[in-house]
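Report on the structure given below.
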Amino acid sequence: MDRNEFVLRDKYYSREELFEIAKQAKISERFFEEYILYVEDKLKYFMESGDFDASSPDLGEDAVISANYFFNNVELALQNGHSEEWARLYVSSYEEHIHAFNNTYQAIFKINPQNAVEELRVYAKSVGGDEFYT
C-alpha cells in the first residue's frame, strides 16, 4: 500500500480512531486490520468514482457505515454456521444486487459441489428451515 492511501485514510480517521470505531460497532477483533483496509478501499473507490465530492466529510462516515455493514453481516453468517468463504461472498454480493444467494451458491459450487450443498443446509436452517426442508 502506498503512502497516498494512508494520507487518504488519515484525512478522515486515524488508525486509532478506526480501531475505536470498530470496537464501538462490535466488530470482531480478528477483523480490525481488515476493517481499516476496507475503509481505505471504500474511500479510494468513492474518490475515484467521481460520484462523490472529494472534500465532503461524509465520505469517511459513508466508508465506515459500509465497513460496519460488511463485517457485522460476515460475523452473523459465520455465527449461523456458514464458512468464511460463503459469508464474504454472500455479503459482498448482497451489497451489489438481490441475487446474492444464487450467486454465492454458484461460486461455491464451482469450487466444491459438496460444500455448496452443505452451505445450502446451513442457509435453510438460518432462515427457519424445518426437518423436512433441510
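Going by this note's numbering, the letters in the sequence shown line up with residues 1300 to 1433, in that order. Note that CB positions come from ideal geometry on N, CA and C, so glycine has one too. If you're wondering where the values come from, they're calculated on a predicted model, not measured in any experiment.
So residue i is in the alpha helix (DSSP H); what residue range does that whole segment cover?
i, result
"Lys1325", "Unbroken run through Lys1325: none, as it is neither H nor E."
"Arg1420", "1412-1425"
"Tyr1368", "1357-1378"
"Tyr1334", "1331-1348"
Rounding to the nearest angstrom, what Cα-Cα distance links residue i and residue j in this structure?
i, j, result
"Tyr1312", "Gly1359", "7 Å"
"Phe1330", "Val1421", "23 Å"
"Leu1317", "Ile1335", "6 Å"
"Val1426", "Leu1388", "18 Å"
"Asn1371", "Ala1406", "22 Å"
"Leu1419", "Glu1374", "18 Å"
"Asp1361", "Arg1314", "17 Å"
"Asn1411", "Glu1384", "12 Å"
"Asn1414", "Asp1352", "43 Å"
"Glu1347", "Asp1357", "15 Å"
"Asn1246", "Lys1424", "No answer is possible for residue 1246: it lies beyond the span of the chain, which begins at 1300 and ends at 1433."
"Lys1322", "Phe1408", "35 Å"
"Ala1386", "Ser1327", "14 Å"
Could you give the C-beta distance for residue i and residue j, rounded to a whole number, given that I count them as a contact under 8 Å?
i, j, result
"Asn1367", "Ala1324", "5 Å"
Taking the alpha carbon of residue i as the point to measure from, which residue in the options has its own alpha carbon closest?
i, options, result
"Asn1379", "Glu1316, Glu1339, Lys1310, Glu1417", "Glu1417"
"Ser1355", "Leu1342, Ile1320, Lys1409", "Leu1342"
"Val1363", "Glu1384, Ile1320, Tyr1404", "Ile1320"
"Val1338", "Glu1383, Asp1352, Lys1310, Asp1350", "Lys1310"
"Phe1345", "Ile1326, Asn1402, Ser1365", "Ser1365"
Kindly indicate which three-state DSSP category residue i falls into: helix, strand or coil?
i, result
"Phe1318", "helix"
"Tyr1312", "coil"
"Phe1408", "helix"
"Phe1351", "coil"
"Ser1391", "helix"
"Met1300", "Note on Met1300: pLDDT 46, under 50, position unreliable in the model; the coordinate value appears next. Coil, per DSSP."
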